[in-house]
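**Q**
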Amino acid sequence: MTRQQDSSHPVNLSTRRQEAIKLSTTAEPLRTLGSTNPFSNHLWIYNYFIVKRGLPNNKFEKKSEMLKGKRVIVTGASTGIGEQIAYHLARMGSHLLITARTEAQLQQVVAQCLELGAASARYINGSMEDMKFAQAVVKKAEELWGSLDMLILNHIGKSYFNYFDWDIRHVQKLMDINFLSYVTMTISALPMLKNSGGSIVVVSSMAGKIGFPFTVTYSATKFALHGFFSSLRQEFVMQNTNVSITLCILGLINTESAMKAVSGRFTSPPAPKEECALEIIKGGALRQREVYYRYMDTKIFTVLRDWAPEFIDYLIRKNYNMDNLKQD
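In this text, residue positions in the sequence shown follow numbering that gives the first Met the number 0: the first is 0, and each later residue adds one.
#1: Taking only three categories from DSSP, how would you classify Phe65?
#2: Mind checking which residues open and close the beta strand (DSSP E) that includes Thr240?
#3: Nearest by alpha-carbon distance to Ser203: which of Ser195, Ala223 and Leu314 is it?
#4: Give me the residue from Ser119, Glu102, Val108 and Val73 with the minimum Cα distance to Gly125.
#5: Is the separation between the beta-carbon of Gly116 and that of Met149 shorter than 9 Å?
#6: Ignore the nearest five residues each way along the sequence and tell me which others in Thr240's own chain have a CB closer than 7 Å to its CB.
#7: For Tyr217, count the other beta carbons within 10 Å of its own beta carbon; 16 or more makes it buried, fewer makes it exposed. Which is it?
#8: How about Ala284 and Ser198: do their beta carbons lie closer than 9 Å?
#9: If you reduce the DSSP assignment to three classes, tell me which class Tyr319 lands in.
#10: Say yes only if the C-beta of Ser256 is nearer than 8 Å to one or more non-hydrogen atoms of the ligand ATP, and no if none qualify.
#11: With DSSP run on the structure shown, which of helix, strand or coil describes Met130?
#12: Output the boundary residues of the alpha helix (DSSP H) element that contains Tyr86.
#13: Buried or exposed for Val242, please, with buried defined as at least 16 other CB atoms from any protein chain shown within 10 angstroms of its CB.
#14: Just to confirm, are Thr98 and Val73 a CB contact at a threshold of 9 Å?
#15: Rounded to the nearest angstrom, what separates Ile252 and Met127 at their Cα positions?
#16: How big is the Cα-Cα spacing for Ser256 and Tyr122?
#17: What three-state label does DSSP hand Glu309 in the structure shown?
#18: Could you spell out where the beta strand (DSSP E) holding His94 opens and where it closes?
#19: Comparing alpha-carbon positions, which option in Gly250, Glu273 and Asp166 lies nearest Ser267?
#20: Check whether the Cβ atoms of Ala118 and Ser93 sit closer than 9 Å, and answer yes or no.
#21: Could you pull the start and end residues of the beta strand (DSSP E) that Leu150 belongs to?
#22: What does the alpha-carbon distance come out to for the pair Asn332 and Thr220?
#23: Restricting to Cα atoms, I'd like to know which of Gln287, Leu277, Lys281 and Phe213 is closest to Ile244.
#24: For Thr301, report the span of its alpha helix (DSSP H) as first-last.
#25: Which whole-angstrom value is the C-beta distance of Pro212 and Tyr319, which I expect to be below 8 Å?
#26: Count the other CB atoms within 10 Å of the CB of Met295; is the residue buried (16 or more) or exposed (fewer)?
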């Protein structure tokens with residue numbers, strides 16, 4: 000089902016507070032990592048990432064209307080990060096087609112998007128386990144708009160946070176939802192994206208860059224996304240295809256589903272979904288290769304992974320409360 004309401008509310012894009020970070024000439028900022036600091040001889044790494052993250056990125060703020068009137072599909076938009084992405088785009092005046100499984104929640108999100116100033120907002124509900132539905136979402140966008148400017152792939156299937164249970168049916172189901180439906184939607188949307196010079200935004204995870212325990216199947220699907228879309232980006236460049244691909248590498252975000260899954264089991268603090276959603280949109284709009292959020296919590300791990308893999312694995316394991324994990 001699809002539904003639309005009209006809105007004439009003005010677009011209000013809040014200005015983010017600029018970060019002000021002062022660098023120290025010593026390793027003092029790193030003491031929080033422990034009394035024996037593994038990075039003490041590589042302070043330039045720390046400074047490089049802080050400088051890069053601390054420099055205000057005004058490209059997006061200066062073009063606050065760069066997404067006004069743009070036609071955007073957002074998947075997994077009934078809750079969590081996807082819902083917040085929809086709200087940010089609504090404030091920017093975009094045309095939205097959102098999708099998820101639960102119709103009642105989608106109706107509420109559409110209504111809120113229109114109140115926030117979306118040029119238009121519609122929904123289509125269904126399961127991404129069905130590749131015909133994945134194709135139908137793109138077909139609906141074509142019927143509505145005739146073209147597409149941005150495809151934001153954010154949906155995931157339900158999984159568990161514990162030791163791998165050896166259930167091949169769960170592996171197949173999650174691969175269908177978390178990977179194959181992304182590929183299916185990309186294939187279906189590519190003709191429109193080529194015509195508009197559009198963007199593909201893939202919401203992924205640190206678990207798609209580094210192996211994390213207790214997310215074996217989920218991690219496998221995210222690694223698959225990185226392999227597919229990184230290779231596809233290479234081919235786009237070789238073929239002069241004017242479609243950008245942005246991979247978003249996220250840490251733990253405070254969505255309801257994530258907090259429920261890791262409750263009492265994972266000790267690292269989560270990042271806010273509202274800011275995360277805005278960073279994803281900015282990355283797609285600026286046609287960045289990758290978005291890391293939070294930057295220091297994710298980027299430095301992926302860089303050091305190849306230098307000290309066993310040490311990185313150790314740091315990751317230290318974030319788990321083993322008393323609350325059951326082993327069969």
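Every residue gets a Cβ at the ideal spot worked out from N, C-alpha and C, and that includes glycine.
Just so it is clear, the structure is predicted and the values come from calculations on it, not from any experiment.
**A** Let me lay it out:
#1: Looking at the sequence shown, residue 65 is not Phe but Met. Correct three-state label for Met65: coil.
#2: Going by DSSP, Thr240 is part of no beta strand (DSSP E) at all; its letter is neither H nor E.
#3: Out of Ser195, Ala223 and Leu314, the CA that lies nearest to the CA of Ser203 is found in Ala223.
#4: The shortest C-alpha to C-alpha distance from Gly125 to any of Ser119, Glu102, Val108 and Val73 is the one to Glu102.
#5: Result no, Cβ atoms of Gly116 and Met149 do not sit closer than 9 Å.
#6: Counting only Cβ-Cβ distances below 7 Å, and skipping sequence neighbours, we find Lys193.
#7: Buried, because 16 or more other Cβ atoms sit within 10 Å of the Cβ of Tyr217.
#8: Yes; because the gap between Cβ atoms is below 9 Å, this pair is in contact.
#9: Secondary structure at Tyr319: strand, using DSSP grouped into helix, strand and coil.
#10: As far as ligands go, the structure on display features none, and thus does not contain the ligand ATP.
#11: In this structure, Met130 counts as helix in the three-state DSSP scheme.
#12: Start and end: Gly79 to Arg90.
#13: Buried, because 16 or more other Cβ atoms sit within 10 Å of the Cβ of Val242.
#14: Remark: C-beta atoms of Thr98 and Val73 approach each other more closely than 9 Å.
#15: Cα to Cα, Ile252 sits roughly 22 Å from Met127.
#16: Each residue's alpha carbon lies about 21 Å from the other.
#17: Helix.
#18: Unbroken beta strand (DSSP E) run through His94: His94 to Ala99.
#19: Here the closest residue by C-alpha is Gly250.
#20: Between Ala118 and Ser93, the C-beta gap is smaller than 9 Å, which places the two residues in contact.
#21: Run containing Leu150: Met149 to Leu152, per the beta strand (DSSP E) assignment.
#22: Outside the shown range of the chain, which is 0 to 327, sits residue 332, and nothing can be said about it.
#23: Measuring from the Cα of Ile244, the nearest candidate turns out to be Gln287.
#24: For Thr301, the uninterrupted alpha helix (DSSP H) run begins and ends at Tyr294 to Leu303, by DSSP.
#25: That pair is a contact at about 7 Å.
#26: By the neighbour-count rule (16 or more Cβ atoms within 10 Å), Met295 is not buried but exposed.
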